[in-house]
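Undergrad:
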Amino acid sequence: MRVIIQRVAHASVKVDGEYIGKIDQGFMLLVGITQTDTIDIVKKIAKKCAELRVFEDENGKMNKGLSDVKGKILSISQFTLYADCKKGRRPGFERAAKGDVAKPIWEAFNEEIRSYGLEVETGIFGADMKVELLNDGPVTIILDSAEMGLE
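When you line the sequence shown up against this note's numbering, it's residues 34 to 184, in that order.
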């Protein structure tokens with residue numbers, strides 16, 4: 034599982050010209066699911082996202098989490114996080130989980146984050162989405178379950 038966390042001032046997602054998810058301060062998450070992901074991995078990555086302290090405190094240090102700043106999450110499924118660009122000019126996506134596997138894992142991930150009392154807006158799995166955000170900082174963090182020793 035790979036999650037790109039972007040600390041945002043605001044973020045939104047449209048499908049067919051209609052807003053389907055919109056947040057103010059918080060995290061926009063791009064979530065990639067691979068074939069080996071499990072619910073145990075989902076729980077650990079969701080916990081890390083929910084508890085990550087990257088908002089500034091009164092001393093200007095990144096010491097506050099989402100709940101401290103009443104932040105929200107916009108979660109977008111993004112299979113292209115598992116693009117393989119080693120050969121040729123067109124990426125391969127063999128490591129990305131197929132939709133019938135990835136969608137329930139992504140939904141479980143979003144529910145797990147909600148279990149921490151956080152509000153989660155989402156895109157639509159598999160849809161052609163238009164995502165806008167204002168990265169705050171900029172702060173962008175990559176969580177990779179393989180690099181974290183979770184796989």
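No residue lacks a Cβ here, since even glycine has one placed at the ideal position from N, Cα and C.
Note that this is a predicted model, so its numbers are computed, not measured.
1) Compute the beta-carbon to beta-carbon distance between V46 and K163, rounded to the nearest angstrom, for a pair I have assumed lies under 8 Å.
2) Do three or more CB pairs link the segment 67 to 74 to the segment 39 to 58 at distances below 8 Å?
3) Does C118 pass the burial test, meaning 16 or more other C-beta atoms within 10 Å, or should it be called exposed?
4) Can you look up S178 in the DSSP assignment and give me helix, strand or coil?
5) Excluding the 5 residues flanking A129 on each side, which residues of the same chain have their C-beta closer than 6 Å to its C-beta?
6) Helix, strand or coil for T69, going by three-state DSSP, please let me know.
7) Can you have a look at A179 and say buried or exposed, based on whether 16 or more other CB atoms are within 10 angstroms of its CB?
TA: So, from the data block:
1) In this structure, V46 and K163 form a Cβ contact; the two beta carbons are roughly 7 Å apart against a cut-off of 8 Å.
2) Here the segment 67 to 74 does not lie against the segment 39 to 58, with fewer than 3 beta-carbon pairs under 8 Å apart.
3) Answer is exposed; the Cβ neighbour count stays below 16.
4) Reduced to three states, the DSSP call for S178 is coil.
5) Closer than 6 Å at the Cβ level, and outside the excluded window around A129, lie F112, Y115.
6) It is coil, neither helix nor strand.
7) Taking all protein chains in view, the Cβ of A179 is surrounded by fewer than 16 other Cβ atoms within 10 Å, so the residue is classified as exposed.
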